[in-house]
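Student: Let me give you the structure first, and then I'll get to my questions.
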Amino acid sequence: MFKKLGGLVCALSMISTTPVYANEMALYSVNTGSFVYHMTGNHGQYNEKFNNQFFSVERKLSADSKYSALVGTMKNSFADRCLSLGARRDWYAGANGWTFKGVYAYTGEFFFKAFRDCGDSGTYRTAKKLTGVGFSPYIYHGLQYNFTDYFGVETGIIVPAIFVMSVQWSFR
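Next comes the structure, spelled out in structure tokens:
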């Protein structure tokens, strides 16, 4: 798993369109360690808890921007590897470390072999039948608390009823 994760990090760094300088590192963060729970009667048919293997890299558009772009990977509810491409908006950021945020993402198939099976089940399969591409739009709203400038924990809901907790590491 770490070999694949390392490959993803290398690929993300190589496809970057701008060089990263030390002062720009403050714009980046890494999201890891997601806990996922389906609140709608999961009786063992969904991939959940820490089995989703979520990992993403996020970049704020500027130091004072409310917007970020993110790219990542995860195993969906059916344990298929998916690509996530999305945008984050901080709707409210308090001075005491609390942030209410939203993430709006495409999560689905991509032309790399690792992501080809993402559209095999559930809403991903329905989208694949209609569009030819297996995906699901992810709408997430959550509350994040930053314990330090470098470490935060968040909890929220992926619409319609998936509870999520994760960790964010920042390079401020």
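Using this note's numbering, read the sequence shown as starting at 683 and increasing by one per residue. Even for Gly, the Cβ is constructed at its ideal location relative to N, Cα and C.
1) Specify the secondary structure class of Gly779 as computed by DSSP and reduced to three states.
2) Roughly how many whole angstroms lie between the Cα atoms of Phe717 and Met847?
3) Roughly how many angstroms separate the alpha carbons of Ala761 and Asn734, rounded to a whole number?
4) Would the stretch 796-803 count as touching the stretch 762-778 if we require 3 or more Cβ pairs under 8 Å?
5) May I have the straight-line CA-CA distance separating Lys742 from His725, to the nearest angstrom?
6) Please state whether DSSP places Ile839 in a helix, a strand or coil.
7) Would you say Asn713 and Glu740 are within 8 Å of each other, going by their C-beta atoms?
8) Can you check whether the CB of Ala787 is closer than 8 Å to the CB of Tyr749?
9) Quick one: residues in its chain with C-beta nearer than 8 Å to the C-beta of Arg807, no 5 flanking neighbours on either side, listed in chain order?
10) Inspect the beta-carbon positions of Tyr827 and Gly834 and report whether they are closer than 8 Å.
11) Can you tell me whether DSSP reads Gly834 as helix, strand or coil?
12) According to DSSP, is Leu767 part of a helix, a strand, or is it coil?
13) I'd like to check one pair, His720 with Tyr710: are the Cβ atoms closer than 8 Å?
14) Note the first and the last residue of the continuous alpha helix (DSSP H) segment covering Ala809.
15) Express the C-alpha separation of Phe794 and Ala751 in angstroms, rounding to a whole number.
16) So, for Pro842: in the same chain, excluding its five sequence neighbours on each side, which residues have a beta-carbon less than 8 Å away from its beta-carbon?
17) Helix, strand or coil, according to DSSP, for Phe817 in the structure here?
Tutor: A quick look at the data gives this:
1) As a first step, residue 779 must be located in the sequence shown, where it is residue number 97. In the three-state reduction of the DSSP assignment, Gly779 falls in the coil class.
2) The residue labelled residue 717 in the question sits at position 35 within the sequence shown. The residue labelled residue 847 in the question sits at position 165 within the sequence shown. Taking C-alpha positions only, Phe717 is separated from Met847 by approximately 5 Å.
3) Working through the sequence shown from its first residue, we reach residue 761 at position 79. Working through the sequence shown from its first residue, we reach residue 734 at position 52. Between the alpha carbons of Ala761 and Asn734 lies a distance of about 7 Å.
4) Enough Cβ pairs lie closer than 8 Å, so yes.
5) Here residue 742 is taken as the residue at index 60 of the sequence shown, counted from 1. Here residue 725 is taken as the residue at index 43 of the sequence shown, counted from 1. Straight-line Cα distance between these residues: approximately 38 Å.
6) For the purposes of this step, residue 839 is taken as residue 157 along the sequence shown, with counting starting at 1. Annotated three-state conformation of Ile839 is strand, per DSSP.
7) Here the question's residue 713 lines up with position 31 in the sequence shown. Here the question's residue 740 lines up with position 58 in the sequence shown. Yes, Cβ-Cβ distance for Asn713 and Glu740 is below 8 Å.
8) Start at 1 with the first residue of the sequence shown, and residue 749 comes out as number 67. Start at 1 with the first residue of the sequence shown, and residue 787 comes out as number 105. Cβ distance not < 8 Å, so Tyr749 and Ala787 don't count as in contact.
9) As a position in the sequence shown, residue 807 is number 125, starting the count at 1. Gly801 and Gly816, listed in sequence order.
10) Translated into the one-based positions of the sequence shown, residue 827 becomes position 145. Translated into the one-based positions of the sequence shown, residue 834 becomes position 152. Yes, they are a contact pair.
11) Within the sequence shown, residue 834 is the residue found at index 152, counting from 1. Gly834: strand per DSSP, three-state reduction.
12) As a working mapping, residue 767 is identified with position 85 in the sequence shown. Looking at Leu767 - three-state DSSP - the assignment turns out to be strand.
13) Translated into the one-based positions of the sequence shown, residue 710 becomes position 28. Translated into the one-based positions of the sequence shown, residue 720 becomes position 38. Result no, Cβ atoms of Tyr710 and His720 do not sit closer than 8 Å.
14) Within the sequence shown, the letter at position 127 stands for residue 809. Boundaries of the alpha helix (DSSP H) around Ala809: Gly804 to Thr813.
15) For the purposes of this step, residue 751 is taken as the residue at position 69 of the sequence shown. For the purposes of this step, residue 794 is taken as the residue at position 112 of the sequence shown. Whole-angstrom Cα-Cα distance: 21 Å.
16) Along the sequence shown, read from residue 1 onward, the residue named residue 842 stands at position 160. The residues Thr722, in chain order, have a CB closer than 8 Å to that of Pro842 in the same chain once the five nearest residues on each side in sequence are set aside.
17) Against the sequence shown, residue 817 aligns to sequence position 135. Correct three-state label for Phe817: strand.
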